[in-house]
Amino acid sequence: MIVYKKFNIESARSLPNVDLSHPCYKVHGHSFEITIKAKGSLDEKTGFVIDFEDIQNAFNPISSLLDHSYLNDIEGLENPTSENLCIYIWNEIKPSLPNIFEIEIKETKLTGCVYRGGKE
Numbered sequence: 001m002i003v004y005k006k007f008n009i010e011s012a013r014s015l016p017n018v019d020l021s022h023p024c025y026k027v028h029g030h031s032f033e034i035t036i037k038a039k040g041s042l043d044e045k046t047g048f049v050i051d052f053e054d055i056q057n058a059f060n061p062i063s064s065l066l067d068h069s070y071l072n073d074i075e076g077l078e079n080p081t082s083e084n085l086c087i088y089i090w091n092e093i094k095p096s097l098p099n100i101f102e103i104e105i106k107e108t109k110l111t112g113c114v115y116r117g118g119k120e
C-alpha cells in the first residue's frame with residue numbers, strides 16, 4: 001500500500017546551467033507542492049502503513065531549510081532544478097524514512113517531476 005503527505009514551500013531560485021536567454025536563468029520564485037509517498041504493508045495492530053506524522057517529522061528539517069530560501073545557496077542545490085530538488089529531498093529524508101517510495105514536486109499546476117530513487 002502507498003500512503004502520502006503533501007507539503008508546500010515557497011522558494012526562489014535561478015538555473016545557472018541554462019542559456020542566458022532562458023526565463024529560468026533569472027532569479028524567480030515558485031510555490032512548490034511536494035508530495036512524499038511511502039510504501040509498505042499494513043500493520044494489523046495500528047492500521048497504518050506509516051503514521052502521517054512520521055512523514056511530517058522526516059520532512060520538517062528540510063522544509064525549514066528550503067522554505068522562503070534562495071535554493072542556490074543551499075549546499076547540494078547549486079543547480080536547483082525540480083529534478084535536483086527531488087533527489088536532494090530524497091537523499092535527506094531516506095535515513096529517517098526508509099520506506100520512502102516516491103517524491104513528486106510541482107512547480108506549477110501544469111509542471112513537475114516524479115522521483116523514485118533511481119537514475120530513471
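Going by the numbering used here, 33 is the number at position 33 of the sequence shown; the sequence numbering is gapless. Glycine is no exception: its CB is placed at the ideal position from the N, C-alpha and C atoms. None of these values were measured; they are calculated from a predicted model.
#1: Check whether the stretch 48–65 and the stretch 83–98 are in contact - that is, three or more C-beta pairs closer than 8 Å.
#2: Need the endpoints of the alpha helix (DSSP H) that N91 sits in, please.
#3: Helix, strand or coil for I62 per DSSP?
#4: Between the stretch 110–120 and the stretch 39–56, can you find at least three pairs of beta-carbon atoms closer than 8 Å?
#5: According to the neighbour-count rule (16 or more other Cβ atoms, all chains shown, within 10 Å of its Cβ), is S82 buried or exposed?
#6: Could you check the C-alpha separation between N72 and I50 for me, to the nearest Å?
The structure says:
#1: Yes, the stretch 48–65 is in contact with the stretch 83–98.
#2: Per DSSP, N91 belongs to the alpha helix (DSSP H) from 82–93.
#3: Helix.
#4: Verdict: no, contact absent.
#5: Its Cβ being crowded by 16 or more others within 10 Å, S82 is buried.
#6: Approximately 32 Å between the Cα atoms of the pair.
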